[in-house]
Every structure is written in structure tokens, then in C-alpha cells.
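So the structure is just underneath, and the comments pick up after that.
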Amino acid sequence: MQSMKKIIINADDFGLCESVSKGILECYTDGIVSDFSFLINPDSLNKSVELLSRHNINQCGIHFNLTLGHSAFQPRKNITDPNGNYIKVNRHFINYLKGKLSVNIVYEEFKMQLQLLKKLGLRITHFDTHQNIHILPPVYSALKRLSEENGGRIPIRIPRERLDFSHRYRLSNLKRIMVFNFFSALIHNRLKFEPTIQAIGGNFYDNPENSQVLMNVINQIKASSGEVFEFAVHPGYFSEEILNYDPYARQRETELKLLINTSDLFHENNIGIINFSKL
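In my numbering, the protein residues as written are 24 to 302.
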């Protein structure tokens, strides 16, 4: 009998704003989301912590941030502008190609983010980053260093997706997957580190066929030789506040509805839902 494969359904962006955080917790308490990652947004930090306290939640992942909003700490060269606002993701790629993306500077920023969540009483179970900026080798190296300093057993996401050539990808989504896969292979082969976990994005972003997303994920898992996977999702309720930070806004409610209403699909396909603390 074939052994049951396992999936962690992880919601990114908890802490982005109140409407996103509430949607994530609804999917976590009443749906199939089994874990989530905390993004430190200074504008909504207090409300985010209050939400966790009301639900008696004291552990989560950290969604390290270099690309959205402003830092909770001091400005840093080639990471923020002089006012402490993070630079855009394409600028980080350019700085990497120019040799201007410093492992040490990224490490110091990430260390401060990690220490802040720990001081709030949270146990951190896994590492990932906003917009998967850690596919850039200097950023991944900073995460690896932090994991090693914290016992060496904090899993780090490796975003890798199998292309399905029968699927009608939009060009923007196809380019995103190809970039992720290239850099994920680069960091996996050059900067070998355990534990890592393969993440499947699910192709929600910019995809006109959301009804097929969950089955696409299940088919990817069945076709893979791996045993444990992470399904990275972004549920939430729409609000005007989201638009201050992220253009991915109204699509979050589409994800929320799917993640609330699809409770048996993974089990029916011999895939068990677990969380990072069970690894």
C-alpha cells in the first residue's frame, strides 16, 4: 500500500493588515490552513498580536520582509531608502547581479525581525520570505545562518513548481514560475542545507482557472517522489487598506472561499494535512 504523502497548507502575510489577518485565522481555525507566517508590518503590528492572543496562538512561521512597506528598524544600505522604506523586488535582483546585496546586512535586518517576534512570545516554527526574495543566494544564506543559530532545525521554504504544459498560463505567471524554479535550483544545489521543504504555489496568482488550483496541486504531489510539501496560500478579506501595501487584494477572497470549503479533497487523494511542528 502506498504511504500517505503529507502537505502543510501555509498562509503567508499574516500581519499585513487586519482584513488579511482575520481571513487567515478563519482558514486556520475553521478551514484547511494548517500553518501561517507572520509578516511584520509596523502599521498593523499591535492589532496582529492582539488577534493571536484572542485565539491563544503562540507559534507560527516568520515571513521575512525586504520588499513591502517600511522597516520597523533603522534604514539599511541597499535594502531600504533613507527613510526606511524597503526597495522593490526588482531592485534587489539588480543589486544581486551588481554584487551589492550583502549577506551581512540582510542577516542583521532578518535577525531584528526574528527577535521582535520572539520578544512578543511567539515560537517560530519555519522560515519564508515575502515574494520569495530568499531565492536570491545572499538572502538565502542569511536565512541559513539564522536557522543554524537557532538549533539548525528551522525549515526553509524552497519555492519550486512543476510546469504543466496542458495548463493555460498567463505570461506573467509563467515568467514567475520559471524565475522561481531557476533560482530555487541554484540555491538548492550550491547552498545545500537541511531542512528545506519544497513549496507549491498553486498558481492562484494571475490565474483565470482558480477552480482547478487544488487539483493541480494534488496532481503535482502525486507526480513527485517527495513525501512532504508546502502549499503556500494567501487568503484574506478584501479591504482598501490592503491596496496601501499589495496589489494582490481581491483575489485573496477567492483563495479564502476555496480553503474554507474544501475539507476532504486532500484526504480523498491519500494526502494528509500536517503543520510544521509535526515535522
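Idealized CB from N, CA, C, for every residue including glycine.
Fair warning: this is a prediction, and the values are worked out from it, not measured in the lab.
Residue pairing by DSSP places Asp151 opposite His86 in a beta bridge. Straight-line spacing of the CA atoms in Ile31 and Pro178 works out to 12 Å. Across the set Thr277, Phe96, Ile244, the C-alpha of Phe96 shows the shortest separation from the C-alpha of Pro65. In this structure, Ile102 keeps its C-beta atom at 8 Å or more from the C-beta atom of Glu73. Closest option to Leu91, judged by alpha-carbon separation, among Asn81, Arg114, Gly259: Arg114.
For Asn118, the enclosing alpha helix (DSSP H) begins and ends at 112–120.
Inclusion of Pro258 and Gly46 in the CB contact set at 8 Å is warranted, their separation being smaller than that value.
If you ignore the 5 residues before and after Met27, its C-beta comes within less than 8 Å of the C-beta of Asn293, Ile294, Gly295, all in its own chain and listed in chain order.
The C-alpha of Phe299 is placed about 7 Å away from the C-alpha of Asp58. For the pair Leu237 and Cys50, the CB atoms are not nearer than the 8 Å cut-off.
Out of Lys301, Asn127, Leu140, the CA that lies nearest to the CA of Ala165 is found in Asn127. Straight-line spacing of the CA atoms in Gly84 and Glu41 works out to 18 Å. Between the C-alpha atoms of Val129 and Leu302 there is a straight-line separation of about 27 Å. DSSP lists Asp58, Ala255 as the bridge partner or partners of Asn33. Residue pairing from DSSP leaves Gln235 without any beta-bridge partner. With respect to the 8 Å criterion, Leu124 and His86 are not classified as neighbours on the basis of their beta carbons. Contact check for Gln154 and Val112: beta-carbon distance about 5 Å, within the 8 Å limit, so the pair qualifies.
Counting only residues of its own chain and dropping the five nearest sequence neighbours on each side, Lys29 has a CB closer than 6 Å to the CB of Val251, Gly295, Ile297. Taking 8 Å as the cut-off, the Cβ atoms of Val256 and Asn33 count as close.
A straight line joining the alpha-carbon of Glu253 with that of Pro98 spans about 33 Å. The alpha-carbon of Arg77 is positioned some 15 Å away from that of Asp53. Under DSSP, Gly295 forms a beta bridge with Lys29. Annotation: the continuous alpha helix (DSSP H) that includes Pro161 extends over 160–172.
Around the beta-carbon of Ser71, 16 or more other beta-carbon atoms lie within 10 Å, marking it buried. In chain order, Val126, Tyr130 place their CB closer than 8 Å to the CB of Arg168, counting only its own chain and leaving out the 5 sequence neighbours on each side. Leu282 places its beta carbon less than 8 Å from that of Ile55. Leu140 and Phe261 have their C-alpha atoms spaced approximately 26 Å apart.
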